Amino acid sequence: MSLCLKTLNEKIAYIKKLFEDFKEIQIQSFSSQTKSYRNKAEFAIFHKDDDIFYAMFDGKKKYIIKDFEIANDKIKTAMPTVLNALNSNKKLKEKLFAIEFLSTKFDISVTLLYHKNIDLIKKELENFSLELKLKIIARSKGKKLVFNGEILKQELDIFEKKYYYLYSNECFIQANTFINEKMIEWILTELKTQDKKDLLELYCGYGNFTIPLSFVFDNILATEVSKKNIEFALENCKLNNTKNINFARLSSEELNKAINKERSFFRLKNVNLDDFSFSHILVDPPRAGLSKDVVNLVKKYENIIYVSCNPKSLKDNIKDIDTHELKKLAIFDQFANTEHIECIAILKKKGF
Ligand SMILES: C[S@@+](CC[C@H](N)C(=O)[O-])C[C@H]1O[C@@H](n2cnc3c(N)ncnc32)[C@H](O)[C@@H]1O
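Take 9 as the starting number for the sequence shown in my numbering and just add one per residue.
As structure tokens, this is what we get:
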């Protein structure tokens, strides 16, 4: 995470400038508390003499982290306890090179990353997990050990309705739970006045958007490349009693080939693509944005909802989606007090 700080006002000014070609566009913004919001934190471990410290790098510059004020209270409470316990155990701190905290409204897990065979410290790890009453995951090359479980339960409150999710630190997790809830509420509000049939969702993760949206669309086909995410997405359907979602483990590029009938996939054996009538497509790609093929795919649909953690790739993609007009743009301060910006754009096919 970058240590360069930026306020929401600075981000709004930046986005206004970046999107100045889109003159009629109104830009909405949603603020977050600027401290104690982040539900995940990753640190390098810095070894000095016999002690270890949390550290972060900004380019080549190293920062020792004593107080990580953007982390939520669960993580802030765990950080010193975990560090003290590690520092008092030679075997546990030796060759430890990184640590990750992941928390939900109910729970927290800690992942320890080692440059040594973790089988040799299995007993110490087990005691560490028992003493601290924490879910501990230890990883080294090709190995993973889990103590006290690794699955976390999350609850989202969307317009006073509760949605439940299970996931682990192998899934993609939105970093700011409050803003995540606001993003879902904003999309649902935007959809209220639109005609809706079926939704095609790309980059769906464990079903973060899919589950609440399944209650306003007839059917959803949601795709994602990561096997773990799809496993949890299927569990999350059961947890929320949703029956109108088909999840498929496919990259967006593979899905494009399937839709264009260039290739068939065993992973789509239970899905007939021709049965769907997609009125909307939702994409939430990684920072690089959409590839050329996926830009061509999204152009096929009347309504596009584009969730983006990189305004530059968002703008480049929107310029290439020349079949559509940018109707709305909202900034969500998901990464408050850092330079990162999350946006959602709503596009509609020209002539509709
Ligand atoms: C920004 S995350 C969004 C996840 C989800 N929408 C959420 O809100 O939690 C991007 C997701 O895209 C997946 N992904 C990355 N490259 C992909 C690709 N080429 N095709 C499909 N999914 C991909 C990642 O595994 C990750 O879950």
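Note that beta-carbon positions come from the ideal geometry of N, C-alpha and C, so glycine has one too.
Source: prediction; values computed, not measured.
CB-CB length for residue i against residue j, believed under 8 Å
{"i": "N383", "j": "N216", "result": "Since the first and last residues shown for the chain are 9 and 360, residue 383 lies out of range."}
{"i": "L322", "j": "G297", "result": "7 Å"}
{"i": "Y45", "j": "N80", "result": "6 Å"}
{"i": "K19", "j": "I349", "result": "5 Å"}
{"i": "Q34", "j": "K356", "result": "About 14 Å separates the two Cβ atoms, so there is no contact after all."}
{"i": "Y175", "j": "L160", "result": "6 Å"}
{"i": "S111", "j": "K74", "result": "Going by Cβ atoms, the distance from S111 to K74 rounds to 19 Å, so no, they are not a contact pair."}
{"i": "I361", "j": "K99", "result": "For residue 361 there is no data in the structure shown, the boundaries of the chain being 9 and 360."}
{"i": "F255", "j": "C317", "result": "About 22 Å; that fails the 8 Å criterion."}
{"i": "I267", "j": "L305", "result": "7 Å"}
{"i": "E132", "j": "N97", "result": "6 Å"}
{"i": "I107", "j": "I53", "result": "6 Å"}
{"i": "S299", "j": "E261", "result": "6 Å"}
{"i": "K14", "j": "T346", "result": "7 Å"}
{"i": "F225", "j": "E193", "result": "Not confirmed; about 16 Å, so no contact."}
Extent of the continuous alpha helix (DSSP H) to which residue i belongs
{"i": "I195", "result": "185-200"}
{"i": "S321", "result": "319-328"}
{"i": "L26", "result": "16-26"}
{"i": "L221", "result": "218-221"}
{"i": "K300", "result": "300-306"}
{"i": "E239", "result": "235-247"}
Burial state of residue i (16 or more Cβ within 10 Å)
{"i": "R295", "result": "exposed"}
{"i": "S10", "result": "With a pLDDT of only 45 at S10, under 50, the local geometry of the prediction cannot be trusted, and the value read off the model is given with reservation. Exposed: under 16 other Cβ atoms inside 10 Å."}
{"i": "D341", "result": "buried"}
{"i": "Q182", "result": "buried"}
{"i": "H123", "result": "exposed"}
{"i": "K143", "result": "buried"}
{"i": "T89", "result": "exposed"}
{"i": "T231", "result": "buried"}
{"i": "F274", "result": "exposed"}
{"i": "G150", "result": "exposed"}
{"i": "G359", "result": "exposed"}
{"i": "D58", "result": "exposed"}
{"i": "G157", "result": "exposed"}
{"i": "I72", "result": "exposed"}
{"i": "D282", "result": "exposed"}
{"i": "D203", "result": "exposed"}
{"i": "S137", "result": "buried"}
{"i": "E209", "result": "buried"}
{"i": "A146", "result": "buried"}
Closer than 8 Å to chain E by CB, residue i
{"i": "I78", "result": "Going by chain labels, chain E is absent from the structure shown, which holds only one protein chain."}
N-terminal and C-terminal residue of the beta strand (DSSP E) that residue i is part of
{"i": "C351", "result": "350-357"}
{"i": "Q36", "result": "35-38"}
{"i": "T231", "result": "228-232"}
{"i": "K310", "result": "Reading the sequence as shown, one finds Glu at residue 310 and not Lys. Unbroken run through E310: none, as it is neither H nor E."}
{"i": "K336", "result": "332-340"}
{"i": "E50", "result": "48-56"}
{"i": "I60", "result": "59-66"}
{"i": "E209", "result": "206-210"}
{"i": "K70", "result": "69-72"}
Going residue by residue through the stretch 254-291, where are the continuous alpha helix (DSSP H) segments of at least 4 residues, counting only ones entirely within it?
260-267
If we require 4 or more residues per run, which alpha helix (DSSP H) segments fall completely within the stretch 86-173?
98-101, 130-140
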